[in-house]
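Down below is the structure, laid out as structure tokens.
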Amino acid sequence: MRHRLFIPAATALLFALAACTQDELAGDNRLPEGEYPVVIRATGLSVEATPLAAPSTRAAVDGDWQGVTSVALKMGDAVKEYTVTASTDFKSATLSRENDPYYWTSRDPITISAWWPFDNADITQMPAVKVAEDQSKLADFQNSDFISAENQKVEFNNPTLEFTHRTARVTIELKPGTGFTSVAGATVSLVSLSADNGNPTAIKTYNASGNTYEALTAPQTVAAGKPFVKVKLGGGTFYFRPQNNVVLEAGSRYKYTVKVNTTGLTLEGCTIGNWADGGGESGAAEDLGYIYDSNTNTYTVYNANGLMNVAELVNGGKTDINITLTADIDLTGKDWTPIGTDYDNSYTGTFDGGGHTITGLTVTTNDKYAGLFGYLGNFNNAAATVKNVVMDGIQITCNHRSGYAGGVAGYSWGTIENCSVSGSISGTIYVGGVVGAQRDRSITGCSSSATVKGMVQVGGVAGQTIFGATLTACYATGNVIIEIDPIDNISGGGLVGFNDGISLLACYATGNVTSTGSSTGYVHIGGFLGDNYITVTACYWKNNHEQGIGYNRESTGATKVDGSVVTWQKAVDAMNTALQNAGSEWRYELKGALPTLRKQ
């Protein structure tokens, strides 16, 4: 339904000669040529054309003519500038032209258009609506209004011209909510606006009074889910994202009452001002949950909505943004879509968890790549990095027949460092506690206690490591379950399923490795590695398997910790020596039953 508000701005076209009598009129409907100038009379917001004149001009924002000195008036093909003379209270005005005015030529209806403002360089064309980007000052707010009366029939005996706003009016009333005792000092903006005709995509509002803020916009539609109202208060930035499209129509007013809470905004409803009912909506609204720094292309995320929103940004094409967490993130109950959906939309920025914890991440998908990240880096840009994040209590299930599933990433060409995972990861072909598959680059200082279940290449940290991949100072303590695919070659291990990178240094595994079923292909399962094609240095395992590597093409291998000849302390000493010799900053320490990692 279209809502329009016609500012009572009627216009009146009349005769300037007050003493005119009917006898002076020409015969029929004709009038003496050049004797009866068109004059428009405006009273308040109702502009009525009468035979004695008084201005009409643009109906100002709040219904007076203050500041308006002239308008463009069109009759036929001609457009002339008419002068506006306002009354002392600015509620009425007279529009007239001293030299070369329009004249009534008969009592027949005439067609008139009028508008304000107009372009002095070309008064003949009604200008497109273009509002100010900064409307925080009253003059800029008022001057952003555009009005017109277009192609209206004006009757001689009852001449009326009705003006309407060409802009939409948005009013925001703020109220303090949870965590705020006052909303004084807030800055309110409208965002996600259309740039058509050179309009601003964001508008700083005018603080009309107290906690009320207003702005005028060009007619447009703000899509559901996009940020619309932005409030900066107390060092925080909050957003309202409408659940439905906001259709901003010319002549309509939209007044939103918004409660500001430390966790976001609550939209309490919409009321109607002096303009037409523009509609509105009620419901909960939360902030975007991030702050963007354009200088570093970094999104600083501080809540679950923020992480969900930056994932949406990446998956929408902003694949190179940097993401930094400044708080723990609880995704419990959220429907997570992995960051970077596939090779063509892989994440290529830097994600720094800042040592914070992400809890409750849940993914159940038929898509090929599943994890916090679906696809990390690519052949052309392997600079992607994920570091310093704890993944706690995650639940990842990838049902794709050729799927890749991992706690941090399904498939990675990038660098992963100082990440830990707990929970469960279930998939089909390539499944690991940290990554499903690692191609090139490195995984360093990472651990997983997650239960990992898959069918083909399955490992406690990685299902597969290939080409230039390195694995340094990593360990897995979660169980590995292999539900053997009946026709594929099987590689399963406590740390890595299929290992064919370039280096495996100072790692260990303790989770039990079990399997069910059989395959027509080979089945290589070990307590540490399933298949191995590279040198293994200072690596250990202790679980239900006596054999550390299911199939080993190299002469080096992993050592089993038996508790007597080989103890965990001896393992720690050997791993730390290897790390030191390799120039690594990572070291193991034995403060409990099993070694843990620290960075020097």
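Residue numbers (mature numbering (1 follows the signal peptide of the UniProt record, and there is no 0)): -26 to -1, 1 to 574. Positions of the beta carbon are idealized from the N, C-alpha and C atoms, including for glycine. Note that the structure is predicted; figures quoted are calculated from it, not measured.
Nearest residue (CA-CA) to residue i, options the options
i	options	result
S421	S386, V382, D459	V382
T444	V162, V288, T145, F472	F472
G442	K178, P201, T509, G367	T509
V203	G467, D302, V220	V220
L281	F92, Y264, K292	Y264
L5	S61, L69, V12, W78	W78
T530	G406, V58, N506, W89	N506
G209	T336, P174, E188, F154	F154
S166	V408, Q369, P201	P201
Q194	E223, G184, T179	E223
A182	G348, D170, G433, T161	T161
L305	N352, D170, K127, D366	D366
I370	T425, V13, N517, I121	T425
Y482	G522, V405, T85, D459	G522
residue 576	E129, V364, A358	No information on residue 576 is available, as it lies outside the stretch -26 to 574 that the chain covers here.
G504	L469, S538, G495	L469
A52	K149, T231, Q99, K178	Q99
V284	D316, Y317, Y321	Y321
T211	G225, Q116, V234	V234
C448	T359, N319, N185, C393	C393
D294	I177, E55, A379, A358	A358
T300	Y273, A192, Q109, N117	Y273
Q217	V196, V205, G41	V196
A169	T191, N340, A567	T191
I121	G314, E107, A198, E136	E136
Y230	T270, S268, A189, K206	A189
V364	F353, G334, N340	G334
Assigned exposure category for residue i - 16 Cβ within 10 Å defines buried
i	result
T338	exposed
D119	buried
P312	buried
S492	exposed
N73	exposed
Y276	buried
R143	buried
I146	buried
T43	exposed
Y187	buried
R227	buried
L47	buried
R527	exposed
R215	buried
E260	Here the model assigns E260 a pLDDT of 49, short of 50, so the residue's position is not dependable, and the following value carries that caveat. Buried.
S156	exposed
L112	exposed
S30	Per-residue confidence for S30 stands at a pLDDT of 30, beneath the threshold of 50, marking its modelled position as unreliable; no derived number is given.
Three-state secondary structure (DSSP) of residue i
i	result
Q109	coil
Q126	strand
G407	coil
N271	coil
T300	coil
E136	coil
V546	helix
F115	helix
Y264	strand
D326	strand
V157	coil
L167	coil
N555	helix
N362	strand
E563	strand
D536	coil
L281	helix
N317	Residue identity differs from the one stated: residue 317 is Tyr in this sequence, not Asn. Of the three classes helix, strand and coil, the one that applies to Y317 here is helix, per DSSP.
N289	helix
I370	strand
L571	strand
CB-CB length for residue i against residue j, believed under 8 Å
i	j	result
G377	K342	5 Å
M49	Y76	5 Å
G452	G410	Not quite, the Cβ-Cβ distance comes to about 15 Å (not below 8 Å), so this is no contact.
L564	V546	5 Å
V435	V408	5 Å
H519	G501	3 Å
V13	L69	7 Å
Report the start-end ranges of each alpha helix (DSSP H) in the region 451 to 493 that is 4 residues or longer and not cut off at the edges. none
Which full runs of the beta strand (DSSP E) of 3+ residues lie inside the region 49 to 92, going along the chain? 52 to 60, 66 to 70, 84 to 90
Inside the region 167 to 221 only - beta strand (DSSP E) runs reaching at least 3 residues: 180 to 183, 186 to 191, 194 to 196, 203 to 207, 210 to 214
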